[in-house]
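There are 2 protein chains.
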Amino acid sequence: MDIQLIALFAAPTTAIVALLYGFFLSRRVLKEEEGSDKLQAIGKAVRDGAMAYLKRQFKVVSIFIAILAVIIAITLGIGMAITFLLGAIFSAVIGYFGMWIAVRANVRTANAAQKGLNPALKIAFGAGTVNGMLVVGLGLLGVSLIYMWAHFTFQSQGAEMVAKKATEVLVGYGFGAALLALFMRVGGGIFTKAADVGADLVGKVEKNIPEDDARNPATIADNVGDNVGDCAGMAADVFESYALTIVAAMILGGQMFGLKGVVFPLLARSGAILTSILGTFFVKAKNDKENPLNPLIRGFIVSAVSAIVIFMGLAVYLLGEPKAGFAAVTGIIAMLALLYITKYYTGPGEKPVVEIAGASRTGAGTTLISGLSIGMESTFVSVVVVAATIFVGYLLLGFYGISLAGMGMLATTGIIMSLDTFGPISDNAQGMVEMAGLKGKAPEVTGALDAVGNTTKALTKGFAVGSAAVAASSLFATYFEATGLKSIDIALPKVFVGLLLGCALPYLFSSRLIGSVGRAAFEVVEEVRRQFRTIKGIMEGKRLPDYSKAVDIVTAAAQRELLIPALMVVLMPVLVGLLGAQALGGFLGGVVASGLMLAFFMCNAGGAWDNAKKYVEDGNFGGKGSDTHKAAVVGDTVGDPLKDTAGPALNPMMKIVQIVALLIAPFVIALVGR
Amino acid sequence: MDIQLIALFAAPTTAIVALLYGFFLSRRVLKEEEGSDKLQAIGKAVRDGAMAYLKRQFKVVSIFIAILAVIIAITLGIGMAITFLLGAIFSAVIGYFGMWIAVRANVRTANAAQKGLNPALKIAFGAGTVNGMLVVGLGLLGVSLIYMWAHFTFQSQGAEMVAKKATEVLVGYGFGAALLALFMRVGGGIFTKAADVGADLVGKVEKNIPEDDARNPATIADNVGDNVGDCAGMAADVFESYALTIVAAMILGGQMFGLKGVVFPLLARSGAILTSILGTFFVKAKNDKENPLNPLIRGFIVSAVSAIVIFMGLAVYLLGEPKAGFAAVTGIIAMLALLYITKYYTGPGEKPVVEIAGASRTGAGTTLISGLSIGMESTFVSVVVVAATIFVGYLLLGFYGISLAGMGMLATTGIIMSLDTFGPISDNAQGMVEMAGLKGKAPEVTGALDAVGNTTKALTKGFAVGSAAVAASSLFATYFEATGLKSIDIALPKVFVGLLLGCALPYLFSSRLIGSVGRAAFEVVEEVRRQFRTIKGIMEGKRLPDYSKAVDIVTAAAQRELLIPALMVVLMPVLVGLLGAQALGGFLGGVVASGLMLAFFMCNAGGAWDNAKKYVEDGNFGGKGSDTHKAAVVGDTVGDPLKDTAGPALNPMMKIVQIVALLIAPFVIALVGR
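As structure tokens, this is what we get:
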């Protein structure tokens, strides 16, 4: 027993190690030079824009969070409200610092690119790893502290009481974290795509100036958007899945194996954090000519393989149940399969992407048709992987097996988040090299980094969707337990009605977000056109445009469009609750199922269009400037709000709906019945 | 009892009245003149193309059907195989004759348009009504004869035995009908859109010649496609929903009310057929200037209102249960609501369509984004209507109430099918006037008819989707009964896995169909380009292109792409059945839920893009030839395979999956278990 208690303490310790490693890396990144005055000025503009956005975002969000906290305190007790706030704060901190380091690393990467690949890669990936360590460190720390509190406070009342109390608190914590993740995803997603689409529509299409050209009044907003959308949103979202899956595994493990079953997920995750750290040491290019993707893959494989070893070892020697190891490894394999599927369907040079690029020869219509078809096919294949994971996990160890598979999917979160954040940093660095007009090695190095960053960013999306779906599925199981329902029987009409409404909600939600991007992008277009019209000398490069205006517009738009999707997600379960607890259960199943489909579909179709455009730009089917290219650009524009706004926002959305249902379940049962 | 038996005979009698009315109308249409030699030649080309297609289609399909019939005979008995063939033959006959009259009415409508609106409207709507009467006449005849056979053969063994035998036979009948509907929808959908997209991509975009220009080598194929896709496919599909809903109502009614409960749906439907016939008498324009939509609406309203009166009267005086009337009326209201929603989201001049047209000012990218957003929103709203219908029906009279609501939705099928077939006939007439170069009143009259035809065609799509969903839902209830399951509990992982796979299947299916259109359209483009390149004098109008080549290409493509989707739909339930009967139930729920979403989404987004393009062509936002117009054309091209191929094909697909599950259920239970 003593050994197990020591193991219980190992988790927060590892979490702190991860945070310290992140702190060390951030110090190292910040020590690097920012480069010329011009580079510094550009860096400052992006940094200021990003921070201004976050500040304003947090202002709006904190009002909403405060109101909700009061409602929660009144209806569910002050304890729940506090954990709700805690979750929200943790999530906000991760979003904030992840972005904080990204907007400092971008300019340093651009500067270091003048010296060669490795110096630039070290900064970009190092800053990415800061984000990765924040996510896993705080993720594990929060959960393990809460669990230890429950353990030592309620130990005397038996294991069941510990599990009950821990679950209660963790639901509040998860709600706060998920809600903040939703705000980050929605706000960031609208910001980034409105700026991107707006900048491209006038810059690339009307004025024929290249991407990231300093003459484009929306170019700073575009660069700010990369950070806002890809760092802050993704980090908060994955943090939340990370916390939810381990909670589910701990609770179910406790029921099946006692304390050992609780310790296993904690130790497994601690081990996985160490393997992620280990992996980061292998991220080093052999020389300046090596494709930067290779060292990243090396690091990732080291992490994944050593995680498998640790999971199996712990399962056999600590838990005495190899099946637990197999379940976790199933998750790792599923994660690899999802990465592979995403790579196949969206990767540059792969058959589907070449097919879309080829279809662009007959115009934008066929570009779109072929992308829709490929996106839908990829959805089916990805869903089969998720379904197989759930099924195999269940065959191995019942619900505990499913939750372990979920943990396995997230085993390499540390390094995956590093790869993801690496994307916007490289993208920004590439933009800054372009805007500052740096010559020599720099454009080539940042070009290569940017291309790889786009790939890693796209790959990690499939991972985020799949893990969110598994996290939401474990919540779904929790709902079933919490309500004491005997079944959620879709053969009953009211449950089937709940299922239909659940399937329909992701459509309404996505519709709103895609529409928001369209509206905000339209405002950006108007502003950019206005500047070109009224400020003389921009096109000749004699005067700088007023970058801050476009930033202001998208910042305001992102806030304005924030509340309605959030209200939708919080209120719909309440409305469906009027049909009873079982109908609400049908609704939850529908939200996960349909949300999963749409998320895969939108992320993959969008990614494929993006890379089809790049494939043409690389000189295929006529190359840049050809009619084929114009058609491919249309595909990319359509894919943008799908893959970077609506698709990713569905992840926290699925989770919030489940949590809201869990919170209101007692009221539904009392007032309406099962 | 005697009165009720007389009532039992009333149904086939009414069915025969409907068929005779259709026969009378077709005689009247055929008596009209075909016009000038040139018009006759064009009419013959379209007619020959359509008939050649159907002949080849039936050849391929009959092999598949024959193989299946043998398998069914071996595994399920010879009786089931015979009813399977019967259903397939009925469905084929409806598709065949619906098209037969349409390809004879089109040229006569074009010719009559020279005399004015009413003569042309009379032919186009008259021929449409022939199709409508075929659907409802054969629909009611088949079902009532089968029921009467069961009634008089098994009467002595009790009502339950009658219901059991009738269900058995009707499942086979439904399977044959649905499978043929699937082939018609898939083949017709690929044919029509490959021809349409192919003709437009070279004609409109590359060569700048108008639609239906006689110089375009794909123009005959395009006109053939309208008949093949919109008449044959739609008729077979709706025929099947029409049969399924009444079967469900009769079985459940028999359980609840005895023979009275069986007679009620039969008499209600007989009454509704008479009201549809009544409605057709009101379709007459007041003068040549009246918008042809108005008389159509007048006829429709007469049908709907008198159907409400009949339903309520029968419920109160025959059944003695007003709730049955309310349930049926709920269905009529739902159908009206779906028509209204479709009209709002896709209708010319409505806010969403104007918004899409406006978004086209900033290019095809924003056209697409705004259409996707609007399509998704319309999906949510439509699904709420379907969910509410199921819920209210259930509240009123349980499962019987749901099936009556489904019957109510299909109450006006007769006139709705007339309106739908009116679309391709008018479309063809308009094309023929253009190709034959008719002047005077004719272009104006057929232009007005075509515009209205487009509207009615689009409106009836929402109706087809909604009614297919309700029909599939009643089958879902039948599956539950047939398997003796206690619940289909999605809280069980294997059932949830079934649900996920069910939700994913419509994506794979749609992906395949959309891809097929892309591939076939590409072949058409190549052929059309080849003819322009190698046959001198086409562009100058000195030589006619070789129309038959394009027809051959799409005919072959449609057959080639037919088998894989059909196999998908038949084999997937078998594979999922390996997880047990309950998992298969989850799968069925997923297929209906997700199929419904995608079908609404694709039909509505496609319809909205179509009309946004027309709105621009009517001189808004720059009109024809402007950049806005080019962007709007891209939206229309993308929407085409969604709204006319994949979306409509999902209807029979949902139903077939349910029927296959019903057929294999005994084996699943015996071999795998519940």
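For the record, the sequence lines run as chains A and B.
Numbers given in this note's numbering equal positions in the first sequence, counted from 1, plus 81.
Numbers given in this note's numbering equal positions in the second sequence, counted from 1, plus 81.
Each residue gets a CB set at the ideal place from its N, CA and C atoms; glycine is no exception.
Everything numeric in this text was worked out from a predicted model, so none of it was measured.
{"Asked": "Cβ distance (whole Å) where A/GLY676 is taken to contact A/LEU665 below 8 Å", "Found": "In fact, because the Cβ distance is near 16 Å, the residues do not count as touching under 8 Å."}
{"Asked": "For B/ILE123, the nearest candidate out of B/ALA510, B/LYS520, B/GLU292 (CA to CA)", "Found": "B/ALA510"}
{"Asked": "Bridge-paired residues (DSSP) for B/SER570", "Found": "Looking at the sequence provided, one finds Asp at residue 570 of chain B rather than Ser. The partner list for B/ASP570 (beta bridge, DSSP) reads A/ASP570."}
{"Asked": "Where A/TYR696 falls, given that 16 or more other Cβ within 10 Å makes a residue buried", "Found": "buried"}
{"Asked": "CB of B/MET214 within 8 Å of CB of B/TYR102, strictly", "Found": "yes"}
{"Asked": "Ranges of the beta strand (DSSP E) found wholly within the region 385-467 of chain A, counting only runs of at least 3", "Found": "none"}
{"Asked": "For A/GLY658, the three-state DSSP class (helix, strand or coil)", "Found": "helix"}
{"Asked": "The alpha helix (DSSP H) enclosing B/PHE362, as first and last residue numbers", "Found": "Looking at the DSSP string, B/PHE362 is not in any alpha helix (DSSP H), and its letter there is neither H nor E."}
{"Asked": "Given 8 Å, three or more beta-carbon pairs between the region 175-190 of chain A and the region 300-318 of chain A", "Found": "yes"}
{"Asked": "7 Å Cβ shell around A/MET457 - same chain, five flanking residues per side excluded", "Found": "PHE682"}
{"Asked": "Beta-carbon proximity of B/SER555 to B/ALA388, cut-off 8 Å", "Found": "no"}
{"Asked": "Where A/ALA262 meets chain B, residues with beta-carbon distance less than 8 Å", "Found": "By Cβ distance, chain B contributes nothing, its closest Cβ being about 22 Å from A/ALA262, past 8 Å."}
{"Asked": "B/ARG267 versus A/PHE613: straight-line alpha-carbon distance, rounded", "Found": "For the sequence presented, residue 267 of chain B should be read as Val rather than Arg. So the two alpha carbons sit approximately 50 Å from each other."}
{"Asked": "Span separating the alpha-carbon of A/ASP294 from that of A/MET620", "Found": "10 Å"}
{"Asked": "Closest by C-alpha distance to A/VAL738, when choosing among A/ALA240, A/SER707, A/THR559", "Found": "A/THR559"}
{"Asked": "Minimum C-alpha distance to A/SER548 - residue among A/ALA563, A/ALA486, A/ALA532", "Found": "A/ALA486"}
{"Asked": "Limits of the unbroken alpha helix (DSSP H) element including A/ILE159", "Found": "159-193"}
{"Asked": "Nearest-angstrom Cα separation, counted from A/LEU157 out to A/SER172", "Found": "22 Å"}
{"Asked": "Chain B within 8 Å of A/PHE272, Cβ atoms only", "Found": "no"}
{"Asked": "Closest Cα partner of A/VAL141 within the set A/ARG641, A/ILE437, A/LEU202, A/ASN368", "Found": "A/ARG641"}
{"Asked": "Uninterrupted alpha helix (DSSP H) stretches inside the region 501-565 of chain B (no shorter than 4 residues)", "Found": "522-564"}
{"Asked": "Rounded straight-line distance, which links the Cα of B/ARG442 to that of A/ILE170", "Found": "43 Å"}
{"Asked": "Opening and closing residue of the alpha helix (DSSP H) in which A/MET337 lies", "Found": "315-338"}
{"Asked": "Validate contact between the region 457-475 of chain A and the region 412-419 of chain A using beta carbons, cut 8 Å, 3 pairs", "Found": "yes"}
{"Asked": "Closest residue to A/SER451 among A/GLU321, A/ILE437, A/ILE301 (Cα-Cα distance)", "Found": "A/ILE437"}
{"Asked": "Of the residues A/ALA247, A/GLN336, A/ASP303, the one placed nearest A/ASP508, counting alpha carbons only", "Found": "A/ASP303"}
{"Asked": "Near-chain B residues of the region 436-448 of chain A (beta-carbon distance less than 8 Å), N- to C-terminal order", "Found": "ALA440, THR443, GLY444, ALA445, GLY446, THR447"}
{"Asked": "Nearest-angstrom Cβ-Cβ length linking B/GLY583 and B/GLY667, presumed shorter than 8 Å", "Found": "7 Å"}
{"Asked": "Short-range partners of chain B found in the region 692-721 of chain A, where Cβ spacing is below 7 Å", "Found": "VAL715, THR718, VAL719"}
{"Asked": "Cβ-based burial, A/ALA517 [other Cβ within 10 Å; buried from 16]", "Found": "buried"}
{"Asked": "B/LYS56 - DSSP class collapsed to helix/strand/coil", "Found": "Nothing about residue 56 of chain B can be read from this structure; chain B reaches only from 82 to 755."}
{"Asked": "Segment contact flag, the region 731-747 of chain B with the region 251-258 of chain B, C-beta cutoff 8 Å, min 3 pairs", "Found": "yes"}
{"Asked": "Contact between the region 263-278 of chain A and the region 598-607 of chain A (3+ Cβ pairs under 8 Å)", "Found": "yes"}
{"Asked": "Euclidean distance between Cα positions of B/THR361 and B/THR210", "Found": "8 Å"}
{"Asked": "Reference B/TYR426; option with closest CA among B/ASP721, B/ARG109, B/GLU115, B/GLY688", "Found": "B/GLY688"}
{"Asked": "Through-space distance from B/THR447 to A/VAL719, alpha-carbon basis", "Found": "7 Å"}
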